[in-house]
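Asks: Line by line, the protein sequences give chains V and E.
Start counting the first sequence at 872; every next residue gets the next number (this note's numbering).
Start counting the second sequence at 17; every next residue gets the next number (this note's numbering).
Every residue, glycine too, gets a C-beta built ideally from N, C-alpha and C.
Nothing here was measured: the structure is a model prediction, and the numbers come from that model.
Okay, handing you the structure first.
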Amino acid sequence: MTPLPYKEEQAVVSVSDMIAYVEAEANLELRLITKNHVLTRSLNHHAVNRPGMNLFGFFRYFAHDRIQVFGRGEHKYLDELCQKKELTHLKKFLSYPIPFIIFSHNNTPHKSFIDLAEQHQIPIAVSSFPTLKLVHSIHNFFDDSIIVKEVHHGVMMEIYGSGVLLQGATSIGKSECALELLERGHRFVADDVVNIKRIKGNTLVGYPSPMLATHMEFNGIGIINVAHLFGVKSILREKEIELVICIEKYDSAREYDLIGLEHKTHTILDVELPMIVIPAKVMSNIPILIETATINERLKKTGYNTAKEFNKRIMKHITGTNNSYVE
Amino acid sequence: MLEKTITITATKGIHLQPAMLISRYALQRKELNIRFIKDKNEVSATSVMSILSLELSKGSSVTIRLDQEDAEAIHHIQGVLEGTVTE
């Protein structure tokens, strides 16, 4: 099987990573209001803290190393404290190495709080989001940043709506297959380098490296851009992987699945995927075999296993009974 | 050329699984050109579908034809037809 060039371990994310993410994805509106701050503190705990109790002066348990989210209640109370110049708890609060403070509902804190935070170089940002949505967005960011990823060699296509990862030795013709499949109206996800991430527990998603995107390379032709040659309708940014098809050079000494009752699997990122091995012989039309294998796999998912049903039919014929031997 | 007629004694006859075992073996021993003959129908043993088409139920008999003598091949196929070889 294809060796894995590298595996990304769980990333340690910093405040600046988070701000960069916000700028790229633009789904978490953040506006920094401090100027003198450090953005390199890491966000080890993938959770937030609502600091209501700590503003009251309770510090025996204070999750200071998380993002501190000030909702409307915390903001109102903070304002009162600042106006009454009761800054003892606030000073203690800000003496902890807090990585990041965010205010929801576009609430800007009192000037004296900002000054205190700047003394400790703690960044403060304001978001237009309501608190609940803000907390959700922060969790989404953490979910995205701790996703496990792997890089695989192969081709990723969407065939009749199913995500298929094509694997096989170099120059066996995977890319040519992809071209033929594109010509038949299927969609292209990635060629050569397929990034795979695991989301929602056990869902694998394949996507191209952002550098290569929709480009493919062919000996003798050079670089082509699938999006230009086949149109934007023929490309997909990412797709869930439902099937692995391994194309191998036909080897007469090897035993291949002749009837479809075997259940081969391939494990990527600890997720088992059904795998089909297609032997490539001279004059084989691999794309049509790939299409057929994909549809048959989909049929299986709907509960109809052709091989099993066919076997029942044979059993009925040769024994006059209706029970299947092979389960 | 070698021929041997065997009566199928496997309880459930030759369904998908045993047909696959025969076909797999025939593919591995291609040089023997293993064929099955029943009621004047001669088929290649390399194809699962061809074997199934002969409707080899328990009690029926089939003739195995090989291009050259090979005791091991006969023994193996006989084992499947008699239900003693199941894997």
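Note the first and the last residue of the continuous beta strand (DSSP E) segment covering V:K1120.
Replies: Counting from one through the first sequence, the residue named residue 1120 of chain V turns up at place 249. Start and end: 1114-1120.
Asks: Of all the alpha helix (DSSP H) runs that stay within the bounds of the segment 1023-1054 of chain V, which reach a length of 4 or more residues?
Replies: 1045-1054
Asks: Please confirm whether V:P994 and V:F964 have their CB atoms less than 8 Å apart.
Replies: In the first sequence, counting from the first residue as 1, residue 994 of chain V sits at position 123. In the first sequence, counting from the first residue as 1, residue 964 of chain V sits at position 93. In this structure, V:F964 does not lie closer than 8 Å to V:P994 by Cβ.
Asks: Helix, strand or coil for V:L1075? Go by DSSP, reduced to three states.
Replies: Walking along the first sequence from the start, residue 1075 of chain V turns up at place 204. Of the three classes helix, strand and coil, the one that applies to V:L1075 here is strand, per DSSP.
Asks: Beta-carbon within less than 7 Å of V:I904's beta-carbon, same chain only, minus the 5 sequence neighbours each way: which residues are those?
Replies: Along the first sequence, read from residue 1 onward, the residue named residue 904 of chain V stands at position 33. Counting only Cβ-Cβ distances below 7 Å, and skipping sequence neighbours, we find T979, I985, I995, A996, V997.
Asks: Do V:L1144 and V:L1114 have their beta-carbon atoms positioned less than 8 Å apart in this structure?
Replies: Taking the first sequence and counting its residues from 1, one reaches residue 1114 of chain V at position 243. Taking the first sequence and counting its residues from 1, one reaches residue 1144 of chain V at position 273. A contact, by the Cβ cut-off of 8 Å.
Asks: Quick one: what's got a C-beta closer than 7 Å to V:L1100's C-beta in the same chain, skipping five residues either side?
Replies: Position 229 of the first sequence holds residue 1100 of chain V. No residues qualify anywhere along the chain.
Asks: Tell me the start and end of each unbroken alpha helix (DSSP H) in the segment 1090-1167 of chain V that is at least 4 residues and wholly inside, in chain order.
Replies: 1097-1100
Asks: Determine whether the beta carbon atoms of V:I1161 and V:L1003 lie at a separation below 8 Å.
Replies: On the first sequence, residue 1161 of chain V is found 290 positions in, with the first residue counted as 1. On the first sequence, residue 1003 of chain V is found 132 positions in, with the first residue counted as 1. Not in contact: V:I1161 and V:L1003 (Cβ atoms no closer than 8 Å).
Asks: Going by DSSP, what residues sit across from E:T79 in a beta bridge?
Replies: Counting from one through the second sequence, the residue named residue 79 of chain E turns up at place 63. Paired residues: E:T21, E:I53.
Asks: Assuming V:G1025 and V:V1076 make a contact with CB atoms under 8 Å, what is their CB distance in whole Å?
Replies: The residue you call residue 1025 of chain V lines up with position 154 of the first sequence. The residue you call residue 1076 of chain V lines up with position 205 of the first sequence. Contact between V:G1025 and V:V1076 does not hold, since their C-beta atoms are separated by about 14 Å, which reaches or exceeds 8 Å.
Asks: Note down, in chain order, all residues in the segment 1122-1151 of chain V with a beta-carbon under 8 Å from any beta-carbon belonging to chain E.
Replies: S1123, A1124, E1126, L1129, I1130, L1132
Asks: Using a C-beta cutoff of 8 Å, does E:V64 count as contacting chain V?
Replies: Translated into positions along the second sequence, residue 64 of chain E becomes position 48. Taking Cβ atoms only, chain V reaches closer than 8 Å to E:V64, which makes this a yes.
Asks: On the three-state DSSP scale, how would you describe V:Q990?
Replies: Residue 990 of chain V sits at position 119 when you count from the first residue of the first sequence. V:Q990 falls in the helix class under three-state DSSP.
Asks: Can you tell me where the beta strand (DSSP E) holding V:Q939 begins and where it ends?
Replies: The residue you call residue 939 of chain V lines up with position 68 of the first sequence. Where V:Q939 is concerned, the enclosing beta strand (DSSP E) stretches over 938-941.
Asks: From which residue to which residue does the alpha helix (DSSP H) around E:V96 run?
Replies: Looking up residue 96 of chain E in the second sequence gives position 80. It spans 87-97 - the alpha helix (DSSP H) in which E:V96 sits, taken as one unbroken run.
Asks: Where do the ends of the beta strand (DSSP E) carrying V:R912 lie?
Replies: As a working note, residue 912 of chain V is residue 41 in the first sequence. First-last for V:R912: undefined, no H or E at that position.
Asks: In chain V, which residues lie with their C-beta within 7 Å of the C-beta of E:L68?
Replies: Within the second sequence, numbered from 1, the residue matching residue 68 of chain E stands at position 52. The answer, in chain order, is I1185.
Asks: What number of angstroms, rounded off, separates the C-alpha of E:E58 from the C-alpha of E:R51?
Replies: Mapped onto the second sequence, residue 58 of chain E falls at position 42. Mapped onto the second sequence, residue 51 of chain E falls at position 35. The straight-line gap from Cα to Cα measures roughly 7 Å.
Asks: Counting only runs of 3+ residues fully inside the segment 1170-1194 of chain V, write out the beta strand (DSSP E) ranges in chain order.
Replies: none
Asks: Under a CB-based cut-off of 8 Å, is V:A1164 close to chain E?
Replies: On the first sequence, position 293 is the one that residue 1164 of chain V refers to. So, not an interface residue.
Asks: Tell me the DSSP secondary structure of V:I973 in three-state form.
Replies: Stepping through the first sequence from its first residue, residue 973 of chain V is reached at position 102. It is a strand residue.
Asks: Label V:R937 either buried or exposed according to how many other C-beta atoms from any shown protein chain fall within 10 Å of its C-beta, with 16 as the threshold for buried.
Replies: Locating residue 937 of chain V in the first sequence gives position 66, counting from the first residue. So V:R937 ends up on the buried side.
Asks: Beta-carbon within less than 7 Å of V:I1185's beta-carbon, same chain only, minus the 5 sequence neighbours each way: which residues are those?
Replies: The count along the first sequence starts at 1 and reaches residue 1185 of chain V at position 314. Nothing listed; no residue qualifies.
Asks: Do you know offhand how far V:Y911's Cα is from V:K962's?
Replies: Locating residue 911 of chain V in the first sequence gives position 40, counting from the first residue. Locating residue 962 of chain V in the first sequence gives position 91, counting from the first residue. Reading the sequence as shown, one finds Thr at residue 911 of chain V and not Tyr. The alpha-carbon atoms of V:T911 and V:K962 are separated by roughly 22 Å.
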